Amino acid sequence: MSDVELVLRSTRVITPEGARAASVAVSGGTIVAVRPHDAPVEPGARLEDVGDHALLPGLVDTHVHVNDPGRTEWEGFWTATRAAAAGGITTLVDMPLNSLPPTTTVGHLRTKQDVARPKAHIDVGFWGGALPDNVKDLRPLHDAGVYGFKCFLSPSGVDEFPELDHDQLAASMGEIAGFGGLLIVHAEDPRELAAAPARGGPRYADYLATRPRVSEDTAIEGLIALARRIGARVHVLHLSSSDALPLIAAARREGVRLTVETCPHYLTLTAEEVPDGASEFKCCPPIREAANQDLLWQALADGTIDCVVTDHSPSTADLKTADFATAWGGISGLQLSLPAVWTAARARGHGLADVARWMSTHPARLVGLDRKGAIEAGRDADFAVLAPDETFTVDPARLQHRNRVTAYAGKTLSGVVKSTWLRGQRIVSEGEFTAPSGRLLERKN
Ligand SMILES: [Zn+2]
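Under this note's numbering, the sequence shown is numbered contiguously, ending at residue 445.
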């Protein structure tokens, strides 16, 4: 181990076995050993002692809409990856829609990679998209390195990314299962949405009524039936309805290859607190009631929900109109996800090891990133240094997102990210960034 160049020391290193005092030795950007706290540091190696700040594995956010190229007034790789780095995220996987072009052919993937490469402050991977007419493109995209395929069952919000009907879903799922890929689904049933009361205006309760829990439950029930029949690997995106949890738990017990994520906003914000006209809280599916939220936390604790990822989906401020029916649906959360989730998690008795499992280990596992997601020998030296007991009040002006519209404005959160490290290099510290050093990641064949 004479080539160790860096040792990070903390009284709270969050390892897969839990939090402990340790020294983490890094060589060539890779963790080579997790040693006792007071282990001697070899001559020539640099010691970074972060004291009582926690050392977490860099977070892995598998649900980010970067929108670049095409809708760069909404976000972009430069701003998204800086905001992510400032929030302790070291890897993101970009969603296939809202950029122009969407990631639905290999050519489009290459276009997006070329745009992302010089701007990436953290590591970036890509999802592909499954559309009604691109079944033939799925295998080439898989071979080109996307981590799986996103589809919608109801309108996506942008015309160039249409949803799949039942037969198209079955065709795409069958194709993807045929090459061992992963299908990730925005699960809201269009018939249930059409049957819900269509109320516009500024009242959140009216908006909530337009996207009832049953639309998620019905879509997930159908998805489970299809996944069971086809033997496909399926992931439910941004679960909000707690009513679907028994279905999900039963399917998993029976061996259906199903994983599930939820998002910081479903875990930390409630329908009861959304002011009239505050469409910065609008997303699909919607933020639901406090009682629903309690059950989502229970499902995280018992493992029914695997991951917490942001679904960062920004737009310009002018699209966040006071009418919930017409406002853009999407919440910006990249920079604030760790403190938001940590604040609520600790209040419910969870530890940082739980947060690391939900926000780093499990998302990395979802997409097969075996060098990410944990502080242990053989993984990339990606870290977030967090002061878990320090608090701050969210000031939109301090966000690195391109648009500083946030549902968290004015909230006091616990957990200040002091620095973020990518392959042994400190990429941001106290708001100062290094030049972009992120890599583009591709799924390994
Ligand atoms: Zn999304």
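Think of the CB as a built atom: it goes at the ideal place given N, C-alpha and C, for glycine as much as any other residue. Treat the numbers as computed from the prediction; the structure is a model and nothing was measured.
Excluding the 5 residues flanking P264 on each side, which residues of the same chain have their C-beta closer than 7 Å to its C-beta? V308, T310, G333, S337, A340, V341
Among the candidates V256, A144, S360, L8, whose CA atom is the shortest distance from the CA of I220? V256
Leaving out five residues before and five after Q425 in sequence, what residues of the same chain have Cβ atoms less than 8 Å from its Cβ? G29, T434, S437
I'd like the span of the alpha helix (DSSP H) that includes G178, first residue to last. 166-178
Residue burial classification, E17 (beta-carbon count within 10 angstroms, cutoff 16): exposed
Given 7 Å as the limit, tell me if H446 has its C-beta closer than that to any heavy atom belonging to ligand 1. In the structure as shown, the chain starts at 1 and stops at 445, and residue 446 therefore has no counterpart that could be examined.
K418 - containing beta strand (DSSP E), residue span: 412-422
With DSSP as the reference, label P396 as helix, strand or coil. helix
Assuming contact is defined by CB atoms lying nearer than 8 Å, are R35 and E5 in contact in what I supplied? no
Quick check for students: name the residue ranges of the alpha helix (DSSP H) that lie wholly in the stretch 239-296, counting only runs of 4 or more. 245-253, 264-268
Could you check where the beta strand (DSSP E) with E113 kicks off and where it finishes? The sequence shown places Gln at residue 113, rather than the Glu named in the question. From DSSP, Q113 is part of no beta strand (DSSP E) but of the alpha helix (DSSP H) over 106-116.
heavy atom of ligand 1 below 7 Å from D311 C-beta: yes
Cutting at 6 Å between CB atoms, please list the residues of its own chain near A88, excluding the five before and the five after it. What sits at residue 88 in the sequence shown is Gly, not Ala. For G88, where only same-chain residues beyond five positions count, the Cβ hits under 6 Å are L59, L338, A384, V417, T420.
Straight-line CA distance for S453 to D94? Here the chain covers residues 1 to 445 and nothing more, so residue 453 does not appear.
To the nearest whole angstrom, what separates the beta carbons of S99 and R71, a pair I think is in contact under 8 Å? 7 Å
For R110 and A299, the rounded distance between their alpha carbons: 38 Å
Rounded C-alpha distance that separates R12 from D38: 13 Å
Would you mind listing the beta strand (DSSP E) stretches within the stretch 12-76 that are 3+ residues and don't spill past its ends, in chain order? 18-27, 30-36, 46-49, 54-57, 59-64
Give a single yes or no on whether M95 has its beta carbon closer than 7 Å to a heavy atom of ligand 1. yes
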